[in-house]
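Start counting the sequence shown at 1; every next residue gets the next number (the UniProt record's numbering).
The beta carbon of each residue, even a glycine, is placed where N, CA and C say it ideally should be.
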Amino acid sequence: MENSFNLDRRTFVAGSAVAAATVGLGLAGCGGGSDAGSEGATGSTAAAAEGGTLTGACAYTSTNVNPIGNSSALMLAATWHVFEGLYDLDLHTYKTYNALAADKPVKVSETEYEVALRDGAKFSDGTAVTAADVVNAFELNMADATYGAFLSFIDAVAEKDDTTVTFTLKYPFESLLEGRLSVVKIFPKSLTEDDLKTKPIGSGPWMYDSINGDDGGEIDFLPNANYNGEHKATADKMQWFIQLDETARTTSLQEATVQVMENVPDANADQLSAAGATVEYVQGFNQPFLMFNTLKAPFDDYRVRQAFFYAIDVDKLISNQMAGHASKVTGFLPKDHKNYHEAKTVYTYDTEKAKKLLEEAGVSDLSFKLLTNNNWVKGLAAQIKNDLEAAGVKCEIQEEKINWSALAESDSVLDYDVMLTPGDPTCFGNDPDLLMSWWYGDNTWTRGRSCWAKAADGKWKELQELMQEAREEADEKAQQELWNQCFDIIAEYCPLYPLFHREVATGYWTDKIAGFKPIATTGLVFIDASAAAN
């Protein structure tokens, strides 16, 4: 499967007048800067050393190490290093490669496949990886509230023998199969629930040494001596420092306490460049979005939701709050995505059109609370408030750490009006069905949160039917046409929709780490990276 982004990158290197000029212009995407494809000449090119330590400053916190259904930006990235799927995704290209699987799935019929395990694959405790371990991991993840939606095409998983797994599907799913199987990470069936929650083991190139995912904590990794795959760890250890504070992370990189820093603030990019580090921006799907309570008037009317998107000056947000490091939304997917489609509804800054839509919906003197997550998106809220008020909508900003449990499915109408928060499911994969399933599938997002599954307009049900048709469609062109219809519905009815697609900024020292490349989503990838030779 090759549902890949053509990842546009812009790199700022110390001492480069060209890079400094690019920062000042705030150009994004292929319009300026140093562009390269996902496999282009970017990342560190230092010579690799055998041994040493890999170090990173992480921007997120979590104490959930359980690989089952893991959706934490921090711990999901950790699982990429400690565990393997049958197939894994190269997060730089979104192409799959054989991990625990010895080869591609063997097609027995349209709905049955067999996967053989890599010869000699072992977990970090030295025990062999068996088909029973794979079946157990899949069954637990299929029952999980988070990953279950990604795996709904599977009817059953079974052991053919000790080293072969059989998948029986509910319907044909060939074009997306390998990428979707990569979601599940394999661990020993013998692990208890306590093991999974404290210090689980896998078959990946690294293993956990100590885990403290709290702010100010540290996650330490050691090489898995029993790993026999193609991505062996070459360093003696790896250390991740958990630093939510932007100044603390910036200082760590600037002083070379770490080799890599996640989520560089735009305000600190020049500072790091001047110190000699590299800051690289990678365009991806990452986004701030508005989510509406579609059961609460007047947000149950899609014209009111549309009015919000016409009222907001996104160009100004990108220029002022993002220093140009984002791309405008012209469809559900960014333009660089293989399956991009320009939606029939493209939102442009048009205050008068916003007013007209509100008038058509019979709405006047609208006053609401904008529930804003207390992370990087809070910097967008003030301008959004001003833009909406220019369209006659009074806005009160309610900034807090979102309590997602309060937005679960309920028999009562949820209390909030509109939410501003970021999201990016491309940490799981980037095929259109996965990305749409995350926010618009039959799950907590649509039965709680946006509540769109319960809305009276019937468009959620129409979307589900089209998505299912696309899943079962073997012809690539016909499948794309079905997805295009889905993208059009999402854009027009916008129960949850992006304001822009963000470039993700990563800082690193090109002379202190070898084989490292930034990615377009949350998390750091040290697979195939080494400490640099002196």
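Need the endpoints of the alpha helix (DSSP H) that residue i sits in, please.
| i | result |
| --- | --- |
| Trp445 | Thr444 to Arg447 |
| Asn386 | Ala381 to Ala390 |
| Thr250 | Glu246 to Gln254 |
| Thr192 | Per DSSP, Thr192 belongs to no alpha helix (DSSP H) and is neither H nor E. |
| Pro432 | Pro432 to Tyr440 |
| Asn375 | No alpha helix (DSSP H) contains Asn375, which DSSP labels as neither H nor E. |
| Ile490 | Glu476 to Tyr493 |
| Thr348 | Here Thr348 belongs to no alpha helix (DSSP H), and DSSP marks it neither H nor E. |
| Lys459 | Lys459 to Glu472 |
| Asp270 | Ala269 to Ala275 |
| Val304 | Tyr302 to Ala311 |
Are the beta-carbon atoms of residue i and residue j separated by less than 9 Å?
| i | j | result |
| --- | --- | --- |
| Leu169 | Tyr113 | yes |
| Ala453 | Thr446 | yes |
| Asn443 | Ala149 | yes |
| Asp313 | Asp266 | no |
| Ala391 | Ala311 | yes |
| Val157 | Val129 | no |
| Val260 | Val279 | no |
| Ala78 | Tyr208 | yes |
| Arg118 | Gly229 | yes |
| Phe285 | Phe368 | no |
| Leu414 | Gly379 | no |
| Gly341 | Asn226 | Reading off the sequence, residue 341 comes out as His, not Gly. The answer is no: Cβ separation not under 9 Å. |
| Ala474 | Pro223 | no |
| Ser71 | Cys451 | no |
| Glu218 | Gly523 | no |
| Ile318 | Phe487 | no |
| Thr192 | Val65 | no |
| Arg305 | Pro495 | yes |
Starting from the C-beta of residue i, find all residues in its chain whose C-beta is less than 8 Å away, skip the five residues before and the five after it, and write them out in chain order.
| i | result |
| --- | --- |
| Ser530 | Ala48, Ala49, Glu50, Gly52, Leu54, Thr234, Ala235, Ile513, Ala514 and Gly515 |
| Asn320 | Gln383 |
| Ala131 | Leu117, Glu159, Lys160, Asp161, Asp162, Thr163, Thr164 and Val165 |
| Thr348 | Tyr310 |
| Ser410 | Gly448 |
| Ala21 | In this predicted model, Ala21 has a pLDDT of only 30, less than 50, meaning its place in the structure is not dependable; the value taken from the coordinates is given anyway. If we look at Ala21 and ignore the five residues flanking it on each side, it has no Cβ neighbours. |
| Leu196 | Val65, Asn66, Pro67, Ile68 and Phe187 |
What does a CB cutoff of less than 6 Å around residue i pick up in its chain, not counting 5 residues either side in sequence?
| i | result |
| --- | --- |
| Leu86 | Leu100, Ala101, Val115 and Leu181 |
| Tyr493 | Tyr302 and Lys459 |
| Ala277 | Leu253, Gly507 and Trp509 |
| Leu371 | Gln398, Tyr416 and Met419 |
| Asp528 | His231 and Gly515 |
| Gly31 | Bear in mind that the predicted position of Gly31 carries a pLDDT of just 26, short of 50, making it unreliable; the figure below should be weighed with that in mind. Closer than 6 Å at the Cβ level, and outside the excluded window around Gly31, lies no residue. |
Can you say whether residue i is buried or exposed, counting buried as having 16 or more other CB atoms within 10 angstroms of its CB?
| i | result |
| --- | --- |
| Lys160 | exposed |
| Ala297 | exposed |
| Gly179 | buried |
| Gly331 | buried |
| Asn534 | exposed |
| Gly216 | exposed |
| Gly213 | buried |
| Gly362 | exposed |
| Val377 | buried |
| Trp404 | exposed |
| Ala520 | buried |
| Ala406 | exposed |
| Thr345 | buried |
| Ala269 | buried |
| Val108 | exposed |
| Ser34 | Note that Ser34 has pLDDT 28, beneath the 50 cutoff, so the model's placement of it is unreliable and no number is given. |
| Val424 | A quick correction: the sequence has Asp, not Val, at residue 424. Looking at its Cβ environment, which holds 16 or more other Cβ atoms inside 10 Å, Asp424 is buried. |
| Val106 | exposed |
| Lys477 | exposed |
Among residues of its own chain, excluding the 5 on either side of residue i, which ones have a beta-carbon nearer than 7 Å to its beta-carbon?
| i | result |
| --- | --- |
| Asn375 | Pro422 |
| Ala188 | Note that residue 188 is Pro in the sequence shown, not Ala. Cβ neighbours of Pro188 beyond the five flanking positions: Phe123, Thr127, Asp133 and Ile201. |
| Asp144 | Ile68 and Gly69 |
Could you pull the start and end residues of the beta strand (DSSP E) that residue i belongs to?
| i | result |
| --- | --- |
| Pro200 | Segment: none, Pro200 is in no beta strand (DSSP E) and carries neither H nor E. |
| Pro223 | Glu218 to Pro223 |
| Glu262 | Val260 to Glu262 |
| Val165 | Thr164 to Leu169 |
| Gln287 | Gln287 to Phe292 |
| Asn98 | Lys95 to Asn98 |
| Tyr281 | Thr278 to Gln283 |
| Ile397 | Lys394 to Glu400 |
| Asp209 | Trp206 to Ile211 |
Self-check item: Segment contact flag, the region 136 to 153 with the region 56 to 66, C-beta cutoff 8 Å, min 3 pairs
Solution: no
Exercise. Inspect the CB distances between the region 457 to 464 and the region 322 to 341 and report whether three or more fall short of 8 Å.
Key: no
Quiz item: Counting pairs of Cβ atoms below 8 Å between the region 285 to 294 and the region 466 to 485, do you hit three or more?
Solution: no
Quiz prompt | Contact the region 240 to 260 vs the region 90 to 100: 3+ CB pairs below 8 Å | solution = no
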